[in-house]
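Student: Taken in sequence, the protein lines are chains A and B. Using the working numbering, the first residue of the first sequence is number 1, and each one after it goes up by one. Using the working numbering, the first residue of the second sequence is number 390, and each one after it goes up by one. Take this structure, written in structure tokens, and hold onto it; I'll ask about it next.
Protein chains: 2
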Amino acid sequence: MKVAVVGLGKAGLPLAAVIAEAGLDVVGIDVDKKRCKQINDGVNPIPEEAGLEKLIKKYGGKTLIATSIYADAKDCTFFVVIVPLFIDEQNNADFSLLENAFRNVGKLLKKGDCVVLETTVPPGTTEKIVKDWLEKESGLVVGDFYLAHSPERIMTGYSISRLKEFPKIIGGVDAASGQKAYDVYRYFIGSLSLVSSSRVAEFVKVIEGCYRFTNIALANELFKIALELDIDFYESQKAANHEFCHIHLPSTGVGGHCIPVYPWFLIKQMKKQQKEDYTVVLKASHTVNEDMIKFFSQHIIQHCKKINKPLKKVRICITGVSFRKGVKSIYKSRSIALAKYLEKLGMDVYVYDELYSKEEIEQMKLSFLTPDKADVVFDPFTLKIEILK
Amino acid sequence: MKVAVVGLGKAGLPLAAVIAEAGLDVVGIDVDKKRCKQINDGVNPIPEEAGLEKLIKKYGGKTLIATSIYADAKDCTFFVVIVPLFIDEQNNADFSLLENAFRNVGKLLKKGDCVVLETTVPPGTTEKIVKDWLEKESGLVVGDFYLAHSPERIMTGYSISRLKEFPKIIGGVDAASGQKAYDVYRYFIGSLSLVSSSRVAEFVKVIEGCYRFTNIALANELFKIALELDIDFYESQKAANHEFCHIHLPSTGVGGHCIPVYPWFLIKQMKKQQKEDYTVVLKASHTVNEDMIKFFSQHIIQHCKKINKPLKKVRICITGVSFRKGVKSIYKSRSIALAKYLEKLGMDVYVYDELYSKEEIEQMKLSFLTPDKADVVFDPFTLKIEILK
Numbered sequence: 001m002k003v004a005v006v007g008l009g010k011a012g013l014p015l016a017a018v019i020a021e022a023g024l025d026v027v028g029i030d031v032d033k034k035r036c037k038q039i040n041d042g043v044n045p046i047p048e049e050a051g052l053e054k055l056i057k058k059y060g061g062k063t064l065i066a067t068s069i070y071a072d073a074k075d076c077t078f079f080v081v082i083v084p085l086f087i088d089e090q091n092n093a094d095f096s097l098l099e100n101a102f103r104n105v106g107k108l109l110k111k112g113d114c115v116v117l118e119t120t121v122p123p124g125t126t127e128k129i130v131k132d133w134l135e136k137e138s139g140l141v142v143g144d145f146y147l148a149h150s151p152e153r154i155m156t157g158y159s160i161s162r163l164k165e166f167p168k169i170i171g172g173v174d175a176a177s178g179q180k181a182y183d184v185y186r187y188f189i190g191s192l193s194l195v196s197s198s199r200v201a202e203f204v205k206v207i208e209g210c211y212r213f214t215n216i217a218l219a220n221e222l223f224k225i226a227l228e229l230d231i232d233f234y235e236s237q238k239a240a241n242h243e244f245c246h247i248h249l250p251s252t253g254v255g256g257h258c259i260p261v262y263p264w265f266l267i268k269q270m271k272k273q274q275k276e277d278y279t280v281v282l283k284a285s286h287t288v289n290e291d292m293i294k295f296f297s298q299h300i301i302q303h304c305k306k307i308n309k310p311l312k313k314v315r316i317c318i319t320g321v322s323f324r325k326g327v328k329s330i331y332k333s334r335s336i337a338l339a340k341y342l343e344k345l346g347m348d349v350y351v352y353d354e355l356y357s358k359e360e361i362e363q364m365k366l367s368f369l370t371p372d373k374a375d376v377v378f379d380p381f382t383l384k385i386e387i388l389k
Numbered sequence: 390m391k392v393a394v395v396g397l398g399k400a401g402l403p404l405a406a407v408i409a410e411a412g413l414d415v416v417g418i419d420v421d422k423k424r425c426k427q428i429n430d431g432v433n434p435i436p437e438e439a440g441l442e443k444l445i446k447k448y449g450g451k452t453l454i455a456t457s458i459y460a461d462a463k464d465c466t467f468f469v470v471i472v473p474l475f476i477d478e479q480n481n482a483d484f485s486l487l488e489n490a491f492r493n494v495g496k497l498l499k500k501g502d503c504v505v506l507e508t509t510v511p512p513g514t515t516e517k518i519v520k521d522w523l524e525k526e527s528g529l530v531v532g533d534f535y536l537a538h539s540p541e542r543i544m545t546g547y548s549i550s551r552l553k554e555f556p557k558i559i560g561g562v563d564a565a566s567g568q569k570a571y572d573v574y575r576y577f578i579g580s581l582s583l584v585s586s587s588r589v590a591e592f593v594k595v596i597e598g599c600y601r602f603t604n605i606a607l608a609n610e611l612f613k614i615a616l617e618l619d620i621d622f623y624e625s626q627k628a629a630n631h632e633f634c635h636i637h638l639p640s641t642g643v644g645g646h647c648i649p650v651y652p653w654f655l656i657k658q659m660k661k662q663q664k665e666d667y668t669v670v671l672k673a674s675h676t677v678n679e680d681m682i683k684f685f686s687q688h689i690i691q692h693c694k695k696i697n698k699p700l701k702k703v704r705i706c707i708t709g710v711s712f713r714k715g716v717k718s719i720y721k722s723r724s725i726a727l728a729k730y731l732e733k734l735g736m737d738v739y740v741y742d743e744l745y746s747k748e749e750i751e752q753m754k755l756s757f758l759t760p761d762k763a764d765v766v767f768d769p770f771t772l773k774i775e776i777l778k
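Here you go:
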């Protein structure tokens, strides 16, 4: 069996590598030609991903062929699509990358083939829009081919072990699709459960994100209250957590491609169905997470006032720009939001991140400074603030 | 060492019994004389509490003496207070039972004695009001005596195993108090951690409740969304949960002495400190949990419409009246709230609960009916609804 994996990003490439490791032939498709060449040369483009280097070295250019041309996957019978889904300024899902991927896959589709969507999507997407795209482009209908959803559950840095050990779910647009996709996925996924439909599989992944989104908001709220009551939040959180209690860690809000995105799938859908009152906790959580920028700005400015300098001359350095420590991505980065907000307040703000060069930071329209040159240093990952003498 | 335990309720009596089992002499104080007599006769007044019967039989009236007279505890040197703290109609804490207990303990207090508060209270209570009451009544000051807080973490039905195995915390109003109370508690508590202050210990217990409060609200919200999207919530919740995801179960809201009460300690305190915007998620969670009554009323009425009878003649039976299945207590019972709400809508509502007699239910100004006589049966614990033909 030959498998096509569409999208060789932070989620797609580890999956493609794990499928190759299971002994299957893989054609990986990605628009980024430079990345494809790297992979075919056995070079790992995601150095922060533990264990990936070994696999790319072993299979890249051999049983894992990367290409930018869909036609190179024409003799594949199993297709996995794992391209990003972003949300726009109004928090609406932008399906354009998914549409492009599926329309191209649809053109290659033959009777008996199976397609699995891995990208996290609003509930109903696979059985409605994805099915439509594939049927239109292929001239086939579900029944001629199989269609399922298995939401990725990776975490950059741990993706290989996640694919090998972490519980993963899969669900079809019909029973035959679910079973077919499940049977193939079991070759390379360590812990797999079949759920009753693709819609359930979609919902499962989205509510997992909502759980984190809300619990981060709760942690942020409790963190602020603890400060107000002169209580050590971290000591309290550690002492409170046990088998039935899982209070999260506070933060400057939620960043990245997942947590800040998924709740909007439900908020927008309920709005469409005139059930806006069904997303009260999710919207409150959004408010709290968003407001952490204002909160930490004030917190930082309080510290700046302790420096013997005019306030607007105090050099603030935020030591992190990526959305998560150690992951080179700035999608919905809270540190950038914080820096821009402090700038708007007229403060003298700089950023530093060991993953980014001075040039890369300046391309973001931010000022670069090493923390030793600053007066006040804020670490957006630990929330620690330091005054340098 | 002789230990006094003030309050022999669902939390106090199991604790008193476990202290007696550890080989210490215990004087248990409770206003309820009938209950005291039962205990001294070796009869367990809380049958739903696994393992308690054996202990009361063995120690009741022997090394565990129950009394309604504080003076009977005059030669005790260690005092534990574990009486209820309710909230009033405006959700303000009502300290009257605590005040009465501590003023009475204060009158008995001698140099070197140690007092521990077990009741969950707003952060700051032990070091401020409790300390004041004790100092005023005893004429001593902290330093002469020790004062600490160790919030109960029991769950009716599992209290004995909770006391023996579950992580418990303790913190003093000063370092000496914390250490002293910790050293004694280790005799009878299986897993104990000393935290840095009574204020932290108070906060720990309150935020544990806030975690449950918010996560129940989130589960309720996601349950309604799942219904709207024609998705099985329970299948999804089971598939979503893993090591890092703990989506709770939906409900008619939150009842009992703990979960609906503790968030108000923080909401009210922040309001006092003019930080109302620090409790956005907690207040949203309250709204969602409260609104489940309206939601299930509509849900039940939808089912009533399927019965071939005038709507207001359809007999609805709610099969549960206690705040939690198997616990005989109706404090903040959601089933009562639901029954009253349906009544207000003009529906013909009855309740049934195997823990309560017809007379007890009628005392609550509710109508009693066995479920087999009803047209529509709603189980408030499983949320299942059934139409009887």
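Cβ atoms here follow ideal geometry from the backbone N, Cα and C, with glycine treated the same way.
1. Give the straight-line distance between the Cα atoms of I605 of chain B and I725 of chain B, rounded to the nearest whole angstrom.
2. Have a look at B:G412, B:G417, B:T509 and B:G401 and flag the residue whose alpha-carbon is nearest the alpha-carbon of Y651 of chain B.
3. In angstroms, rounded to a whole number, what distance separates the CA positions of D88 of chain A and D75 of chain A?
4. CA-CA distance, F381 of chain A and Y341 of chain A?
5. Going by alpha carbons, who is nearest to E228 of chain A out of B:C634, B:K661, B:Y576 and B:E617?
6. Just curious, the beta strand (DSSP E) that H538 of chain B is in, first and last residue?
7. From A:S297, A:N100 and A:Y70, pick the residue whose C-alpha is nearest to that of G253 of chain A; which is it?
8. Give the single residue among A:I29, A:T319 and A:M292 whose Cα lies nearest to the Cα of P250 of chain A.
9. Taking Cβ-Cβ distances shorter than 8 Å, what residues in chain B pair up with C210 of chain A?
10. Going by DSSP, name the residue or residues bridged to R315 of chain A.
11. Can you list, in chain order, the residues of its chain with a C-beta nearer than 6 Å to that of I65 of chain A? Leave out the 5 residues immediately preceding and following it.
12. Any idea if D183 of chain A is buried or exposed, counting beta-carbon neighbours within 10 angstroms, 16 or more meaning buried?
13. Just list the alpha helix (DSSP H) runs in the region 538 to 575 of chain B, keeping only unbroken ones of 4 residues or longer that don't cross its boundaries, in chain order.
14. Below 7 Å CB to CB, which residues in the same chain sit around L758 of chain B once its five sequence neighbours on both sides are set aside?
15. Please tell me whether V504 of chain B and F534 of chain B are closer than 8 Å, where the distance is taken between their beta carbons.
16. List the endpoints of the continuous alpha helix (DSSP H) containing G598 of chain B.
17. Run down chain A in chain order and give the residues with a C-beta less than 7 Å from the C-beta of Y667 of chain B.
18. Which of the three DSSP states, helix, strand or coil, is assigned to A490 of chain B?
19. Where does G28 of chain A fall in DSSP's three states?
20. Short of 7 Å Cβ to Cβ, which residues in the region 619 to 648 of chain B face chain A?
21. Could you tell me the alpha carbon to alpha carbon distance between I428 of chain B and I445 of chain B, rounded to whole angstroms?
22. Counting Cβ pairs, one atom from each stretch, are 3 or more of them under 8 Å apart for the region 517 to 526 of chain B and the region 565 to 580 of chain B?
23. Taking the alpha carbon of P14 of chain A as the reference point, which residue from A:D94, A:T287, A:E152 and A:T67 has its own alpha carbon closest?
24. Is any beta-carbon of chain B found at less than 8 Å from that of P263 of chain A?
25. Measuring only the C-alpha atoms, how far is R186 of chain A from G61 of chain A?
26. Is any beta-carbon of chain A found at less than 8 Å from that of F685 of chain B?
27. Let me know if Q626 of chain B comes out buried or exposed under the rule of 16 or more other beta-carbons within 10 Å of its beta-carbon.
28. Say whether chain A places a C-beta atom closer than 8 Å to the C-beta of K664 of chain B.
29. Determine whether the beta carbon atoms of S580 of chain B and G561 of chain B lie at a separation below 8 Å.
30. Under 8 Å between the Cβ atoms of L437 of chain A and V595 of chain B?
31. Mapping the DSSP letters down to three states, classify S191 of chain A as helix, strand or coil.
32. Determine the contact status of D94 of chain A and F102 of chain A, defining contact as a CB-CB distance below 8 Å.
33. Which word fits N697 of chain B, buried or exposed, when buried means at least 16 other C-beta atoms lie within 10 angstroms of its C-beta?
34. Going straight from the alpha carbon of C36 of chain A to that of R713 of chain B, what length do you get?
35. What would DSSP say about A763 of chain B, mapped onto helix, strand or coil?
36. Out of curiosity, what's the CA-to-CA distance linking E99 of chain A and I154 of chain A?
Tutor: Let me spell this out:
1. Within the second sequence, the letter at position 216 stands for residue 605 of chain B. Within the second sequence, the letter at position 336 stands for residue 725 of chain B. Between I605 of chain B and I725 of chain B, the C-alpha separation is close to 19 Å.
2. On the second sequence, residue 651 of chain B is found 262 positions in, with the first residue counted as 1. The candidate whose alpha carbon is nearest that of Y651 of chain B is B:T509.
3. Here the question's residue 88 of chain A lines up with position 88 in the first sequence. Here the question's residue 75 of chain A lines up with position 75 in the first sequence. Approximately 36 Å, taken between the alpha carbons.
4. In the first sequence, the residue the question calls residue 381 of chain A occupies position 381. In the first sequence, the residue the question calls residue 341 of chain A occupies position 341. Each residue's Cα considered, the two are about 18 Å apart.
5. As a first step, residue 228 of chain A must be located in the first sequence, where it is residue number 228. Among B:C634, B:K661, B:Y576 and B:E617, the Cα nearest to that of E228 of chain A is on B:K661.
6. Position 149 of the second sequence holds residue 538 of chain B. Where H538 of chain B is concerned, the enclosing beta strand (DSSP E) stretches over Y535 to H538.
7. Against the first sequence, residue 253 of chain A aligns to sequence position 253. Nearest option by C-alpha distance: A:S297.
8. Residue mapping note: residue 250 of chain A aligns to position 250 of the first sequence, counting from 1. The residue with the shortest Cα to Cα distance from P250 of chain A is A:M292.
9. Your numbering for residue 210 of chain A matches position 210 in the first sequence. By Cβ distance, chain B contributes L607 and L611.
10. Mapped onto the first sequence, residue 315 of chain A falls at position 315. Looking at the DSSP assignment, R315 of chain A forms a beta bridge with A:D348.
11. Residue 65 of chain A sits at position 65 when you count from the first residue of the first sequence. Closer than 6 Å at Cβ, skipping near neighbours: V27.
12. Counting from 1 along the first sequence, the entry for residue 183 of chain A is found at position 183. Label assigned to D183 of chain A: exposed.
13. 548 to 554 and 564 to 574
14. The residue you call residue 758 of chain B lines up with position 369 of the second sequence. R704, C706, Y739 and Y741, listed in sequence order.
15. Within the second sequence, the letter at position 115 stands for residue 504 of chain B. Within the second sequence, the letter at position 145 stands for residue 534 of chain B. Cβ distance < 8 Å, so V504 of chain B and F534 of chain B count as in contact.
16. Here residue 598 of chain B is taken as the residue at index 209 of the second sequence, counted from 1. Element bounds for G598 of chain B: S587 to E617.
17. Position 278 of the second sequence holds residue 667 of chain B. In chain order: E221, K224, I225 and E228.
18. As a working mapping, residue 490 of chain B is identified with position 101 in the second sequence. Helix at A490 of chain B.
19. Looking up residue 28 of chain A in the first sequence gives position 28. Three-state DSSP puts G28 of chain A in a strand.
20. I620, D621, E624, S625, A628, A629, H631, C634, H635 and I636
21. The residue given as residue 428 of chain B occupies position 39 in the second sequence. The residue given as residue 445 of chain B occupies position 56 in the second sequence. When rounded, the distance between both Cα atoms is 6 Å.
22. no
23. As a working mapping, residue 14 of chain A is identified with position 14 in the first sequence. Nearest of A:D94, A:T287, A:E152 and A:T67 to P14 of chain A, Cα basis: A:E152.
24. Sequence index remark: in the first sequence, residue 263 of chain A carries index 263 (1-based). Answer no: the Cβ-Cβ gap between P263 of chain A and chain B never drops below 8 Å.
25. Here residue 186 of chain A corresponds to residue number 186 of the first sequence, with the count starting at 1. Here residue 61 of chain A corresponds to residue number 61 of the first sequence, with the count starting at 1. C-alpha separation (whole angstroms): 24 Å.
26. Here the question's residue 685 of chain B lines up with position 296 in the second sequence. Output row for F685 of chain B: interface = no.
27. By one-based count along the second sequence, residue 626 of chain B stands at place 237. Buried, because 16 or more other Cβ atoms sit within 10 Å of the Cβ of Q626 of chain B.
28. Within the second sequence, residue 664 of chain B is the residue found at index 275, counting from 1. Yes, its Cβ sits closer than 8 Å to a Cβ of chain A.
29. Position 191 of the second sequence, counted from the first residue, corresponds to residue 580 of chain B. Position 172 of the second sequence, counted from the first residue, corresponds to residue 561 of chain B. The answer is no: Cβ separation not under 8 Å.
30. Absent from the structure is residue 437 of chain A, since the part of chain A shown begins at 1 and ends at 389.
31. Stepping through the first sequence from its first residue, residue 191 of chain A is reached at position 191. Three-state result, S191 of chain A: strand.
32. Translated into the one-based positions of the first sequence, residue 94 of chain A becomes position 94. Translated into the one-based positions of the first sequence, residue 102 of chain A becomes position 102. No, the pair does not count as a contact, with Cβ atoms beyond the cut-off.
33. Looking up residue 697 of chain B in the second sequence gives position 308. By the 10 Å Cβ count, N697 of chain B comes out exposed.
34. Residue 36 of chain A sits at position 36 when you count from the first residue of the first sequence. Residue 713 of chain B sits at position 324 when you count from the first residue of the second sequence. Those two C-alpha atoms are separated by around 58 Å.
35. Here the question's residue 763 of chain B lines up with position 374 in the second sequence. In this structure, A763 of chain B counts as coil in the three-state DSSP scheme.
36. Along the first sequence, read from residue 1 onward, the residue named residue 99 of chain A stands at position 99. Along the first sequence, read from residue 1 onward, the residue named residue 154 of chain A stands at position 154. Rounded to the nearest angstrom, the two C-alpha atoms are 23 Å apart.
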